[in-house]
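Residue numbers (the numbering used here), protein chains in the order written: chain A, 16 to 155; chain B, 16 to 155; chain C, 16 to 155. Here's the structure, in structure tokens; my notes come after.
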């Protein structure tokens with residue numbers, strides 16, 4: 016019998032970087048007994064992203080961060096939108112280059128993540144924020 | 016009682032830039048009385064994107080456009096696919112760097128967009144086009 | 016009557032580049048008689064992407080590959096995560112810059128892809144891999 020469920024998660028960040036919240040998502044799926052269906056995450060912000068990435072070597076997250084800092088430099092004179100600081104417009108661009116939505120099919124009671132895939136909140140601002148994520152499930 | 020609905024929107028662009036069509040999406044959701052569920056948008060083109068971005072300061076959209084023009088230069092000698100003009104291959108690359116799908120959960124009769132989030136069609140070609148978007152809703 | 020279905024596809028790659036698997040997805044949709052609904056694809060890897068792109072001129076795929084090789088250079092001294100080779104960290108970054116999820120509404124028994132849209136697996140590693148994709152459909 017098909018059904019749906021909605022939820023909201025908040026991830027508290029301490030500035031730039033990748034925050035793994037795979038367990039919080041899995042916990043919601045297990046508590047509700049989701050067997051098969053589609054799980055969707057939507058981040059309600061424009062200066063942070065949702066990302067599925069490698070969860071083994073922390074160097075991967077560090078290198079991702081270094082690359083994006085070089086690609087979208089803070090304080091670039093190209094930017095007009097600077098009222099909130101040097102990291103504000105780079106945060107919007109980093110969000111545009113990544114994503115704010117994720118979809119993960121659920122099968123046999125488990126998220127179909129690959130062996131090395133974790134679900135991350137990527138904070139693009141230098142200061143910490145409380146980031147809200149809307150979750151939705153439809154299936155059995 | 017779960018149900019689904021399909022729709023199509025066309026956004027007419029006047030060349031490069033971000034076009035807010037949040038209201039057209041919300042209008043469809045309200046007219047059909049969607050209460051809770053998942054709303055999906057798919058853009059049927061390969062030289063434009065769908066983007067959720069800041070809807071307050073127009074400088075954000077201008078800076079996004081400036082950054083992408085610098086990152087993916089028109090007429091770059093690297094490109095072989097130039098038959099349709101200097102902006103053709105950059106448009107495909109800008110599309111690859113962003114997205115053509117969006118998912119937004121609906122809850123309590125409203126799209127779960129954040130306070131500052133708007134839904135944009137990002138035209139990457141220098142000339143205007145009529146861009147078609149397939150919409151789908153499943154829920155109650 | 017709403018229903019759902021799950022499936023898994025494997026795309027065997029022979030190194031870097033874009034692999035069209037639109038037909039495999041369409042075949043699954045046709046075999047199951049999907050009429051209207053939402054089809055979701057999730058790639059279970061962190062060094063390859065799913066991409067909807069132009070399916071006409073092969074130069075588009077070559078130019079996409081050239082651009083990404085220049086944007087994210089193999090063996091960049093910026094990277095610490097190098098144990099698996101010069102192409103390892105660039106593969107993770109290319110994945111972050113693109114996507115591992117796609118959603119395509121189905122309508123009138125057909126995927127709502129645009130005329131020039133194909134579904135691609137983008138292999139970012141220089142060696143070939145077997146890439147697994149979880150598929151989900153919900154609808155009628």
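Beta carbons are placed, not taken as given, at the ideal position from N, Cα and C, and that holds for glycine.
- Query: Is there at least one Cβ from chain C nearer than 8 Å to residue 26/B's Cβ?
  - Reply: No, its Cβ sits nowhere closer than 8 Å to a Cβ of chain C.
- Item | Beta-ladder partner(s) of residue 64/A, from DSSP | BP columns for residue 64/A point to 137/A.
- Query: Under a CB-based cut-off of 8 Å, is residue 89/A close to chain C?
  - Reply: No, no contact with chain C.
- Message: Using a 10 Å radius around the Cβ and a threshold of 16 neighbouring Cβ atoms, would you call residue 85/B buried or exposed?
- Response: Classification of residue 85/B: exposed, given that the 10 Å Cβ count is below 16.
- Query: How close, in whole Å, do the beta carbons of residue 30/A and residue 142/A come, if the pair is a contact with beta carbons under 8 Å?
  - Reply: The C-beta distance from residue 30/A to residue 142/A rounds to 6 Å, short enough to meet the 8 Å contact threshold.
- Just list the beta strand (DSSP E) runs in the region 17 to 50 of chain A, keeping only unbroken ones of 3 residues or longer that don't cross its boundaries, in chain order. Correct list: 18 to 27 and 32 to 35.
- Item | Within-8 Å CB hit, residue 44/B to chain C | It does not; no Cβ of chain C falls within 8 Å.
- Message: Less than 8 Å between the beta carbons of residue 41/C and residue 131/C, yes or no?
- Response: In this structure, residue 131/C does not lie closer than 8 Å to residue 41/C by Cβ.
- Item | Beta-carbon neighbours of residue 36/C, restricted to chain A and to distances below 8 Å | What residue 36/C touches in chain A: nothing, since even the nearest Cβ is about 17 Å away.
- Query: Span of the beta strand (DSSP E) holding residue 73/C?
  - Reply: No beta strand (DSSP E) contains residue 73/C, which is instead part of the alpha helix (DSSP H) from 73 to 86.
- Message: If the criterion is Cβ atoms closer than 8 Å, does the pair residue 78/C and residue 83/B meet it?
- Response: At least 8 Å separates the beta-carbon of residue 78/C from that of residue 83/B.
- Item | Close-in-space but distant-in-sequence residues of the same chain around residue 90/C (CB under 6 Å, 5 per side omitted) | For residue 90/C, where only same-chain residues beyond five positions count, the Cβ hits under 6 Å are 101.
- Message: Let me check one thing: in DSSP terms, what residues is residue 55/C bridge-paired to?
- Response: Beta-bridge annotation (DSSP): residue 55/C is paired with 118/C and 151/C.
- Can you check whether the CB of residue 57/B is closer than 8 Å to the CB of residue 146/B? Going by C-beta atoms, residue 146/B is not nearer than 8 Å to residue 57/B.
- For residue 111/C, does the three-state DSSP call read helix, strand or coil? DSSP, read as helix, strand or coil, puts residue 111/C in helix.
- From 149/C, 137/C, 150/C and 19/C, pick the residue whose C-alpha is nearest to that of residue 28/C; which is it? For the residues 149/C, 137/C, 150/C and 19/C, the minimum Cα distance to residue 28/C belongs to 137/C.
- Message: Please classify residue 110/C as buried or exposed, where buried requires at least 16 neighbouring CB atoms within 10 angstroms.
- Response: Burial check for residue 110/C: the Cβ neighbour count within 10 Å reaches 16 or more, so the residue is buried.
- Message: Taking only three categories from DSSP, how would you classify residue 145/B?
- Response: The answer is strand: DSSP assigns residue 145/B an E or B state.
- Message: Beta-carbon within less than 8 Å of residue 23/A's beta-carbon, same chain only, minus the 5 sequence neighbours each way: which residues are those?
- Response: For residue 23/A, same chain residues with a beta-carbon under 8 Å away, outside a window of 5 residues either side, are 147, 148, 149 and 150 in chain order.
- According to a CB-to-CB cut-off of less than 7 Å, which residues of the region 88 to 122 of chain C neighbour chain A? Per Cβ criterion, the list reads 93, 94, 95, 96, 104, 107, 108, 111, 112, 114, 115, 116 and 118.
- Whose CA, out of 133/B, 122/B and 140/B, lies closest to the CA of residue 49/B? Out of 133/B, 122/B and 140/B, 122/B has the C-alpha closest to the C-alpha of residue 49/B.
- Task: Please classify residue 115/B: is it buried, with 16 or more other beta-carbons within 10 angstroms of its beta-carbon, or exposed?
- Result: It is buried - the Cβ of residue 115/B has at least 16 other Cβ atoms within 10 Å.
- Name the residue from 108/C, 153/C, 154/C and 73/C whose alpha carbon lies nearest to the alpha carbon of residue 35/C. Among 108/C, 153/C, 154/C and 73/C, the Cα nearest to that of residue 35/C is on 73/C.
- Item | Buried or exposed by the 16-neighbour rule on C-beta atoms within 10 Å, applied to residue 45/C | Around the beta carbon of residue 45/C, fewer than 16 other beta carbons lie within 10 angstroms, which makes this residue exposed.
- Message: Quick check on this structure: which residue in 103/C, 75/C and 107/C has the alpha carbon closest to the alpha carbon of residue 98/B?
- Response: Minimum Cα distance to residue 98/B is reached at 75/C.
- Can you find a CB in chain A that lies within less than 8 Å of the CB of residue 81/C? False, the Cβ-Cβ gap to chain A never drops below 8 Å.
- Message: Distance check for residue 106/A and residue 39/A, CA to CA, integer angstroms please.
- Response: Straight-line Cα distance between these residues: approximately 25 Å.
- Assumed close pair residue 81/C, residue 113/C - CB separation to whole angstroms, cut-off 8 Å: Rounded to whole angstroms, the Cβ separation of residue 81/C and residue 113/C is 15 Å, and the two are not in contact under 8 Å.
- Message: Excluding the 5 residues flanking residue 133/C on each side, which residues of the same chain have their C-beta closer than 6 Å to its C-beta?
- Response: 35, 37 and 70.
- Please work out which residues of its chain come closer than 8 Å, Cβ to Cβ, to residue 47/C, disregarding the five sequence neighbours upstream and downstream, and give them in chain order. So the list reads 20 and 152, once near-sequence residues are dropped.
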